[in-house]
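> Sequential numbering of the sequence shown, starting at 83, is according to our numbering.
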Amino acid sequence: MVIHDDTGELLIATGGSLYPNLDRAEAYAIVNSKGRHTTVRSFRSIGADRTDLRVGPIVPTIVRGLREWRYVLEPNEWGVSYDLTFHDTTRQVFREPLSDSAHGFPTGRRNDVTSGFECFGSVTGWVEIEGERTTLGPNAAGTRDRHWGTGRGVGGPELSLGGRLHVGTNGNAFVAFPDWALWGDRLFYPFGDPASGSTRVFKPTRRLRFEPDTDIFVEAIVDYEFDNGKQVQLHYERVGQQTAYLRCGMYGGTPDRDIHQGGYDGPDVTEGETYDLSRPETRIGIRGLDEHLCRVTRDDGQTALGIYQTIDPVAYEVCVSGRKGWNLLV
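(1) Just mark Thr133 as buried or exposed, buried being the case when its beta carbon has 16 or more other beta carbons within 10 Å.
(2) Are there 16 or more other CB atoms within 10 angstroms of the CB of Arg146, so buried, or fewer, so exposed?
(3) Anyone know if the C-beta pair for Val122 and Ile140 falls short of 8 Å?
(4) Helix, strand or coil: which one does DSSP assign to Val396?
(5) Please classify Arg320 as buried or exposed, where buried requires at least 16 other C-beta atoms within 10 Å of its C-beta.
(6) Please list the terminal residues of the continuous alpha helix (DSSP H) segment that includes Ile368.
(7) DSSP has Ser204 in a bridge; who is on the other side?
(8) Taking buried to mean at least 16 other C-beta atoms within 10 Å of its own C-beta, is Ile144 buried or exposed?
(9) By Cβ distance, which residues of its chain are closer than 6 Å to Pro337, with the 5 residues on each side in sequence left out?
(10) Is the region 299-308 touching the region 345-355 in the sense that three or more CB pairs, one from each, lie closer than 8 Å?
(11) Near Gln391, which residues of its chain fall below 6 Å by C-beta distance, leaving aside the five closest residues on each side in sequence?
(12) Quick check: what's the CA-CA separation for Gly161 versus Asn310?
(13) Measuring from the CB of Thr143, is there a heavy atom of the ligand GTP at a distance below 7 Å?
(14) Using a Cβ-Cβ cut-off of 6 Å (strictly less than) and excluding sequence neighbours within five positions of Gly266, which residues of its own chain qualify?
(15) Can you confirm whether the region 382-389 touches the region 256-270 when touching is taken to mean that 3 or more C-beta pairs between the two stretches lie within less than 8 Å?
(16) Helix, strand or coil, according to DSSP, for Pro239 in the structure here?
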């Protein structure tokens with residue numbers, strides 16, 4: 083789940099995984115308030131009850147399947163906590179797995195492959211930082227997804243057998259307008275919308291701008307084409323230093339100890355840290371799979387807050403290389 087408040091001053095990302103073959107459960111919660119980036123991570127053995135989603139102080143709860151979840155971060159030594167309820171506002175469509183064992187590496191090993199659901203929604207509740215509690219405004223919103231299968235990079239370099247440890251170069255975008263919502267390669271529609279299912283999004287054409295001292299994303303103009311024949315241009319402008327750096331959530335290895343998803347093998351533990359994102363050297367040290375909160379303007383003038391996801395600095399390197407569909411924004 084990734085959510086933001088009305089103002090764009092607060093960004094929260096949280097997620098977790100269960101690895102039955104490893105007897106390991108893990109979860110993370112990232113709270114970025116005005117560039118103060120705090121992460122809490124927790125690890126435990128799964129045990130006998132596979133329905134128990136709690137991992138340390140991180141407690142997600144299914145209230146109504148495909149409709150409502152509750153996300154709690156209990157008080158902890160890193161000074162951040164929250165109690166949030168996510169109410170789905172768009173229909174979810176099952177995402178089929180895309181790969182098979184015939185194309186795996188080494189031969190016979192299935193590539194990373196997941197199935198699941200994604201959606202957008204409204205969010206209610208509160209967030210507390212260093213004893214100061216803030217109630218979310220009426221327009222707090224975000225996206226959540228639930229997937230299962232074989233995740234890319236699980237276990238880290240030791241189990242990757244030469245495969246890549248990140249999600250490639252493309253990144254993603256998650257932004258909801260009143261009439262449709264963009265989730266990566268699909269458009270989703272609000273409950274009750276007459277459009278059926280979802281709409282496929284073809285590969286976009288990107289023009290990206292980056293911080294000159296870090297090569298981290300800061301702005302984009304992206305042209306999209308949908309399989310219903312429509313086209314749209316979106317202008318993404320990052321809001322301050324409101325980015326969730328997902329290496330802190332074990333995507334690609336944590337900055338301090340290089341812990342990858344499914345890679346921790348030790349006693350049950352909860353850990354965390356806080357970073358000051360005003361420092362360029364700090365941002366360089368934690369960049370990787372990054373989710374940037376942006377003000378997004380559609381070519382018809384509508385605006386919304388949304389997420390533009392990049393793999394930094396890979397996105398910059400691809401733009402410089404001249405790959406088709408990737409250009410620098412000047």
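Each residue gets a CB set at the ideal place from its N, CA and C atoms; glycine is no exception.
Considering the structure as presented:
(1) Locating residue 133 in the sequence shown gives position 51, counting from the first residue. Answer is exposed; the Cβ neighbour count stays below 16.
(2) Numbered from 1 along the sequence shown, position 64 holds the residue referred to as residue 146. Exposed.
(3) Counting from 1 along the sequence shown, the entry for residue 122 is found at position 40. Counting from 1 along the sequence shown, the entry for residue 140 is found at position 58. A contact, by the Cβ cut-off of 8 Å.
(4) Residue mapping note: residue 396 aligns to position 314 of the sequence shown, counting from 1. Note: Val396 maps to helix in three-state DSSP.
(5) Numbered from its first residue, the sequence shown carries residue 320 at position 238. So Arg320 ends up on the buried side.
(6) Numbered from 1 along the sequence shown, position 286 holds the residue referred to as residue 368. Looking at the DSSP string, the run of the alpha helix (DSSP H) that includes Ile368 is 362-368.
(7) Within the sequence shown, the letter at position 122 stands for residue 204. According to DSSP, which records beta bridges pairwise, Ser204 is partnered with His169, Ala223.
(8) The residue given as residue 144 occupies position 62 in the sequence shown. Ile144 comes out exposed.
(9) Within the sequence shown, residue 337 is the residue found at index 255, counting from 1. Excluding residues within five positions, the ones whose Cβ falls inside 6 Å are Arg329, Gly367, Ile368.
(10) no
(11) By 1-based counting over the sequence shown, the position of residue 391 is 309. Hits under 6 Å: Gly253, Asn254, Glu373.
(12) Position 79 of the sequence shown, counted from the start, is the residue given in the question as residue 161. Position 228 of the sequence shown, counted from the start, is the residue given in the question as residue 310. Approximately 47 Å, taken between the alpha carbons.
(13) Ligands displayed in this structure: none; no statement on the ligand GTP is therefore possible.
(14) Taking the first residue of the sequence shown as position 1, residue 266 is located at position 184. Closer than 6 Å at the Cβ level, and outside the excluded window around Gly266, lie Asn254.
(15) The region 256-270 vs the region 382-389: in contact.
(16) For the purposes of this step, residue 239 is identified with residue 157 of the sequence shown, where counting begins at 1. Secondary structure of Pro239 (DSSP, three-state): helix.
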